[in-house]
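Undergrad: Under our numbering, the sequence shown has 368 at position 366, and the numbering climbs by one with no breaks.
Quick one: this structure, given as structure tokens, is what I'll be asking you about.
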Amino acid sequence: MHKHSTHTALRACRDWRPLLLNDKTQAVCDCQEFTDWLATYLAETGFMPAEQATVMCAFGMGMCAWALWVDADASRVRIRHYDARMVAPLTWDKEGVAKCAFVTGAFYQVRAVNQLQMHLRGDSGYRIETACFDRRGNEVEPVGACPAYATDSELPTFALVKPAIDNTRVDMGPYGQSVFADAIDAIQAVDLAFDAMISEVDNGKMRVFLSDVMFDQEEDGRGRKVSIPFGRQDCTVFRKAMSTEDTIREFAPQLRTDAQAKALRMALQMLGDLCGFGISYFDFDGAGYVKTATEVSSDNSALMRNIRRHEHVLEKAVVGICRAAMAASRSLGVSLPDEGDVRVSFDDSIITDTAAEKRQDTAEVAAGLMLPNEYRRKWFGESDDNSR
């Protein structure tokens, strides 16, 4: 039986993406020269658009990953995306994953192969070992593929992206937990209420009953007179067999959509609370529309707290993969200065009134309560040297 669905689980993952990342999110270093290089590198490799898709996938599957891919001949370093099905942690503890393998599908000489890349830590830093296997498990050695490459990076050459949610299913496991793992019943309640509302409207349509005398007749193959129907798809007009009274009769049942709308609203409120958005995120306003994040942020402290928690975890992953890309680029001969401290500047204008906050900081600078370099570092992401 077909059930109508709002695809609520996908909506929950998709709504977290713009709350955490957008086009204004950037990685910032203490050295302005390095900040400019990193911004150019991330723009050329298309990291930020892919990063948003990674966050959405991680919140749905519990974990995704970024890992370095090095083309030594072309002196290029790229950051590839892997979802949870492609990630196989090898060594981990409470501090995190130290060694990890990634499996992807590829084609070599029109043959489908499985590519295995292991990011292992040695005495001189991390190295990337690559092997390919065909469908029968036989190892394939593609021409030009490097079986082992030393990145000279002391930091992991991969980064795991997970929601800031404790995994309550598996203790001491390296994988995370999806943002809606504890909201399965709420998702089913939303779909159940939504399907009931659609079915109520469909089943509550006006029905018109017509007497036999209102229908034309034709002969069937056996010489009998039969009424010409409107078609099997017509569920509005019905024929009253053997009836000549009440030529036209209408029937319109009373709809119960108000009660079902209340049930849907309650299910949405429970869903928002269990997915970390707060009880009022998916709530309806007076006009019957779902509120936006900006409209509910002023009175939704739960949403603000969870955004900050997710940002802390996400910043660690972004900074880690950026530092690994810097180290690998240095190993390929790119001349780069010391990056110093690396951080992520999140754009929270979608949930906060950035303009009002900026006006307040401007007033504090004028009053001498905030230094100009602090203002420029906060709003323009400049380093201490350039903001003075």
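Heads up, the beta-carbon is just placed ideally off N, CA and C, and yes, glycines get one too.
Going by alpha carbons, who is nearest to G124 out of S155, K96 and S347?
TA: Answer by Cα proximity: S155.
Undergrad: Taking the beta carbon of D75 as the centre, do at least 16 other beta carbons fall within 10 Å, making it buried, or is it exposed?
TA: So D75 ends up on the exposed side.
Undergrad: With distance defined between alpha-carbon atoms, name the residue in F61, H312 and A191 nearest to A183.
TA: The shortest C-alpha separation from A183 is found at F61.
Undergrad: With DSSP as the reference, label R138 as helix, strand or coil.
TA: In the structure shown, R138 sits in coil (DSSP, three-state: anything other than H, G, I, E or B).
Undergrad: Do G278 and S303 have their C-beta atoms within less than 9 Å of each other?
TA: In this structure, S303 does not lie closer than 9 Å to G278 by Cβ.
Undergrad: How should A369 be labelled, buried or exposed, when 16 other C-beta atoms within 10 angstroms of its C-beta is the threshold for buried?
TA: Its Cβ having fewer than 16 others within 10 Å, A369 is exposed.
Undergrad: Assess, as a yes-or-no matter, whether the region 22–32 is touched by the region 129–149 under the definition of 3 or more beta carbon pairs within less than 8 Å.
TA: No: fewer than three Cβ pairs fall under 8 Å.
Undergrad: Nearest to V99 by alpha carbon, out of L257, N116, P158 and D168?
TA: The candidate whose alpha carbon is nearest that of V99 is P158.
Undergrad: Given a cut-off of 9 Å, decide if T153 and Y128 are closer than it, judged by their beta-carbon atoms.
TA: Yes, the pair counts as a contact, with Cβ atoms nearer than the cut-off.
Undergrad: Closer than 7 Å by C-beta to A265: which residues in its own chain qualify, once you throw out the five before and the five after it? Chain order, please.
TA: Excluding residues within five positions, the ones whose Cβ falls inside 7 Å are A195.
Undergrad: Give me whichever residues DSSP pairs with K242 in a beta bridge.
TA: Per DSSP, S213.
Undergrad: Do you know how far the Cα of T47 is from the Cα of Q362?
TA: Roughly 36 Å separates the two Cα atoms.
Undergrad: With three or more C-beta pairs closer than 8 Å as the rule, is the region 327–347 touching the region 29–36?
TA: With the cut-off at 8 Å, the region 29–36 and the region 327–347 touch.
Undergrad: DSSP has I250 in a bridge; who is on the other side?
TA: Its beta-bridge partners are L212.
Undergrad: In the DSSP assignment, find the beta strand (DSSP E) that holds I392 and state where it starts and stops.
TA: Coverage of the chain is limited to positions 3 through 390, which leaves residue 392 absent and any answer about it impossible.
Undergrad: What is the C-beta distance between V57 and L316, in whole angstroms, given that I count them as a contact (C-beta under 8 Å)?
TA: Indeed, because the Cβ distance is near 7 Å, the residues count as touching under 8 Å.
Undergrad: Suppose the cutoff is 7 Å on Cβ atoms and the five residues either side in sequence are ignored; what does the same chain contact list for R325 look like?
TA: Closer than 7 Å at the Cβ level, and outside the excluded window around R325, lie L157 and V344.
Undergrad: May I ask you to report which of helix, strand or coil DSSP gives N116?
TA: Three-state result, N116: strand.
Undergrad: Between which residues of its own chain and G290 is the CB-CB distance below 7 Å, once the five residues before and five after are set aside?
TA: Confidence in G290 is poor, its pLDDT being 45 and thus under 50, which makes the residue's placement too unreliable to answer from.
Undergrad: For R129, which three-state DSSP category applies?
TA: Three-state result, R129: strand.
Undergrad: Can you list, in chain order, the residues of its chain with a C-beta nearer than 8 Å to that of I250? Leave out the 5 residues immediately preceding and following it.
TA: For I250, where only same-chain residues beyond five positions count, the Cβ hits under 8 Å are V210, F211, L212, S213 and M216.
Undergrad: Using beta-carbon positions only, say whether L122 and L92 come within less than 9 Å of one another.
TA: In this structure, L92 lies closer than 9 Å to L122 by Cβ.
Undergrad: Go ahead and pull the three-state DSSP assignment for R80.
TA: Strand at R80.
Undergrad: Tell me where the alpha helix (DSSP H) around K318 begins and ends.
TA: It spans S303 to S333 - the alpha helix (DSSP H) in which K318 sits, taken as one unbroken run.
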